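*Asks:* If you count by the working numbering, then the sequence shown holds residues 392 to 782, one letter each, in order.
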Amino acid sequence: MRIGIDKIGFTSSQYVLNMKDLAEARGEDPQKFSKGLLLDALSIAPITDDIVTLAAGSANEILTAEDKEKIDMVILATESSVDQSKAGAVYVHSLLGIQPFARSFEMKEACYSATAALNYAKLHVEKHPDTRVLVLASDIAKYGIGTPGESTQGAGSIAMLVKKDPRILILHDETLAQTRDIMDFWRPNYATTPYVNGMYSTKQYLDMLKTTWAEYQKRFDTSIADFAAFCFHLPFPKLALKGFNKIMDKHLPSDLQEKLKVNFEASILYSKQIGNIYTGSLFLGLLSLLENSQNLVAGDKIALFSYGSGAVAEIFTGVLAEGFKEQLQTNRLDKLKRRIPLSVEDYEKIFFEKAQLDDKGNASFKEYQTGPFALKKILEHQRIYGKVNES
């Protein structure tokens, strides 16, 4: 049975911070961000946008009434959860009007968990071929003002509909994961922003890529020559470029090396404008590749490297389905240009705004521009969501 990704949706916040403005405000050379990170802009989420509104928005972009009747599982992968108990997937299930007899839950392992969710979705469809699974990767990357991580923030959500006979990417069974107990990035319950050992995390990312890829090639008798493109987890595009250079076989024919390089460049276009979206970053790279590459055709094989700090990594592969281009958009970069630009002063006010609860646990918010869904208010410690055109 062929199982994989039938549709991919994406949404980001409606506000953007240009990296040049951030560099100047922090007394940095703008090239530190534009060339050192390969970042041009960051999506900034106001308080009325969170993982629920972003996830619902990305799924709303792709789901039909038929999908909502056949989806029997909603998995939300995130490391920006809004509740330590209730899964954000439950809110999304309600906002989208998915049929009631469906499982809805969250998964967590830093930026890796969307890959785990995709694996679980595939296994479920194998057992229940007539069902569909909605996999959501929704996050808001958030760091303190003036910290080293401030330049690698971002916000967004990827939605993937997994089913049999998919129209975008047929997933292979050959996968390989690796786990290491390390402290490169973590956020304990008492902290509102993460702790990051940046240089150490970069080295672990690259070493887990190198060692997992070497073992993958050995176990499955393959090489990079068998693939038309290689997608990477994208905490920032420059790190993925280092990973790409590390696994590139310099003995490949020059035309194949060039094809892989061109497709890598296509895979980072969206991330350069959005920044880090944690669990969704790898799949944003996949979407960017598919919507911007000029040389991919049905039957091409794609390799993907997933990494989540802490750390878990996985390499998995798939093949492009017939007609995959018909499921994609061609104007997404133009949509990103329509985001509302922020001054650094406004960014600091918006991005670090806190909910002010009264003595009953209620809060209301000023209106911000969001996608189709917004956090409307907090009512006695309950988060109330709705469509933006509803009161």
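Every residue gets a Cβ at the ideal spot worked out from N, C-alpha and C, and that includes glycine. Because the structure is a prediction, the values reported are computed rather than measured.
From this set, Ile573, Tyr586, Leu630 and Ala582, which residue's C-alpha is nearest Leu597's C-alpha?
*Replies:* Taking the sequence shown and counting its residues from 1, the one referred to as residue 597 is at position 206. Leu597 has its Cα closest to that of Leu630, out of Ile573, Tyr586, Leu630 and Ala582.
*Asks:* Here's the rule I'm using: 16 or more other beta-carbon atoms within 10 Å means buried, otherwise exposed. How should Ser767 be labelled?
*Replies:* Locating residue 767 in the sequence shown gives position 376, where the first residue counts as 1. A small correction: the amino acid at residue 767 is Lys; Ser does not occupy that position in the sequence shown. With 16 or more Cβ atoms within 10 Å of its Cβ, Lys767 is classed as buried.
*Asks:* Measuring only the C-alpha atoms, how far is Lys716 from Gln685?
*Replies:* Within the sequence shown, numbered from 1, the residue matching residue 716 stands at position 325. Within the sequence shown, numbered from 1, the residue matching residue 685 stands at position 294. For Lys716 and Gln685, the distance between alpha carbons rounds to 11 Å.
*Asks:* State the beta-bridge partners of Arg774 as determined by DSSP.
*Replies:* Along the sequence shown, one-based indexing puts residue 774 at 383. Answer is Ile769.
*Asks:* For Gln747 and Asp617, what's the separation of their Cα atoms in angstroms?
*Replies:* Mapped onto the sequence shown, residue 747 falls at position 356. Mapped onto the sequence shown, residue 617 falls at position 226. Spanning the two alpha carbons is a distance of roughly 55 Å.
*Asks:* Do Asp691 and Ala754 have their C-beta atoms within less than 8 Å of each other?
*Replies:* Indexing the sequence shown from 1 puts residue 691 at position 300. Indexing the sequence shown from 1 puts residue 754 at position 363. No, they are not a contact pair.
*Asks:* Unbroken beta strand (DSSP E) runs of length 3 or more, entirely within the region 562 to 600: which are they?
*Replies:* List check, beta strand (DSSP E) in window: 567 to 570.
*Asks:* Under three-state DSSP, which class holds Tyr784?
*Replies:* Given a span of 392 to 782 for the chain in the structure shown, any question on residue 784 remains unanswerable.
*Asks:* Kindly indicate the opening and closing residues of the alpha helix (DSSP H) around Gly676.
*Replies:* If you number the sequence shown from 1, residue 676 lands on position 285. Segment Ser672 to Asn683, the alpha helix (DSSP H) holding Gly676.
*Asks:* Please confirm whether Phe707 and His563 have their CB atoms less than 8 Å apart.
*Replies:* One-based indexing of the sequence shown puts residue 707 at position 316. One-based indexing of the sequence shown puts residue 563 at position 172. Yes.
*Asks:* With distance defined between alpha-carbon atoms, name the residue in Met410, Thr455, Arg393 and Lys533 nearest to Gln744.
*Replies:* Residue mapping note: residue 744 aligns to position 353 of the sequence shown, counting from 1. Looking at the sequence itself, residue 744 is Glu, so the reference to Gln does not match. Of Met410, Thr455, Arg393 and Lys533, the residue nearest in Cα terms is Lys533.
*Asks:* For a test of the three-state rule: what should DSSP assign to Leu428, helix, strand or coil?
*Replies:* Here residue 428 is taken as the residue at index 37 of the sequence shown, counted from 1. It is coil, neither helix nor strand.
*Asks:* My output table needs one value for Ile741: the three-state DSSP class, helix, strand or coil.
*Replies:* Numbered from its first residue, the sequence shown carries residue 741 at position 350. Of the three classes helix, strand and coil, the one that applies to Ile741 here is helix, per DSSP.
*Asks:* CB-CB under 8 Å to Arg578, same chain, minus the five flanking residues each way: which ones, in chain order?
*Replies:* Here residue 578 refers to the residue found at position 187 of the sequence shown. Result list for Arg578: Glu470, Thr584, Pro585 and Tyr586, in chain order.
*Asks:* Does the contact criterion of 3 or more C-beta pairs under 8 Å hold for the region 491 to 505 versus the region 537 to 547?
*Replies:* No, the region 491 to 505 does not touch the region 537 to 547.
*Asks:* Can you say whether Ser403 is buried or exposed, counting buried as having 16 or more other CB atoms within 10 angstroms of its CB?
*Replies:* On the sequence shown, residue 403 is found 12 positions in, with the first residue counted as 1. The residue is buried, with at least 16 neighbouring Cβ atoms inside 10 Å.
*Asks:* State whether the region 397 to 415 contacts the region 427 to 442, with contact taken as three or more CB pairs (one from each stretch) at a distance under 8 Å.
*Replies:* These segments touch.
*Asks:* What is the DSSP secondary structure of Glu649, counted as helix, strand or coil?
*Replies:* Here the question's residue 649 lines up with position 258 in the sequence shown. Looking at Glu649 - three-state DSSP - the assignment turns out to be helix.
*Asks:* Is the CB-CB distance between Cys502 and Gly676 below 8 Å?
*Replies:* The residue you call residue 502 lines up with position 111 of the sequence shown. The residue you call residue 676 lines up with position 285 of the sequence shown. The answer is no: Cβ separation not under 8 Å.
*Asks:* Would Lys572 and Arg523 qualify as a contact pair, given that the criterion is a beta-carbon distance under 8 Å?
*Replies:* What you label residue 572 is simply residue 181 of the sequence shown in a count that begins at 1. What you label residue 523 is simply residue 132 of the sequence shown in a count that begins at 1. Reading off the sequence, residue 572 comes out as Asp, not Lys. Not closer than 8 Å, so no.
*Asks:* Among the candidates Gly714, Ile638, Ser672 and Tyr669, whose CA atom is the shortest distance from the CA of Leu687?
*Replies:* The sequence position of residue 687 within the sequence shown is 296, counting from 1. Checking every option, the nearest Cα to that of Leu687 belongs to Gly714.
*Asks:* Using only the alpha-carbon positions, how far apart do Pro623 and Met551 sit?
*Replies:* Here residue 623 corresponds to residue number 232 of the sequence shown, with the count starting at 1. Here residue 551 corresponds to residue number 160 of the sequence shown, with the count starting at 1. With the sequence shown as reference, residue 623 is identified as Phe, and Pro is not the correct amino acid for it. Computed Cα separation, rounded: 17 Å.
*Asks:* How long is the line joining the alpha carbons of Gly448 and Gly479, rounded to whole angstroms?
*Replies:* Translated into the one-based positions of the sequence shown, residue 448 becomes position 57. Translated into the one-based positions of the sequence shown, residue 479 becomes position 88. C-alpha separation (whole angstroms): 13 Å.
*Asks:* Grab the span of the beta strand (DSSP E) containing Ile545 for me, first residue to last.
*Replies:* Stepping through the sequence shown from its first residue, residue 545 is reached at position 154. This sequence places Gly at residue 545; Ile is not what is there. Gly545 to Lys555 is the extent of the beta strand (DSSP E) around Gly545.
*Asks:* Considering only DSSP beta bridges, list what Asn780 is partnered with.
*Replies:* Locating residue 780 in the sequence shown gives position 389, where the first residue counts as 1. Note: Asn780 sits in no beta bridge, so no partner.
*Asks:* So, at 7 Å on beta carbons, what are the nonlocal neighbours of Thr444 in its own chain, with the 5 sequence-adjacent residues on each side left out?
*Replies:* Position 53 of the sequence shown, counting from 1, holds the residue named residue 444. Excluding positions up to five away in sequence, the list reads Thr761, Gly762, Phe764, Ala765, Leu766 and Tyr776.
*Asks:* Using 8 Å for Cβ pairs, my map puts Ala507 next to Met498. What's the rounded Cβ distance?
*Replies:* In the sequence shown, counting from the first residue as 1, residue 507 sits at position 116. In the sequence shown, counting from the first residue as 1, residue 498 sits at position 107. Sure, about 6 Å apart at Cβ, within 8 Å.
*Asks:* How far does the alpha helix (DSSP H) with Met639 in it reach, from first residue to last?
*Replies:* Position 248 of the sequence shown, counted from the start, is the residue given in the question as residue 639. Premise fails: Met639 is in no alpha helix (DSSP H) and is neither H nor E.
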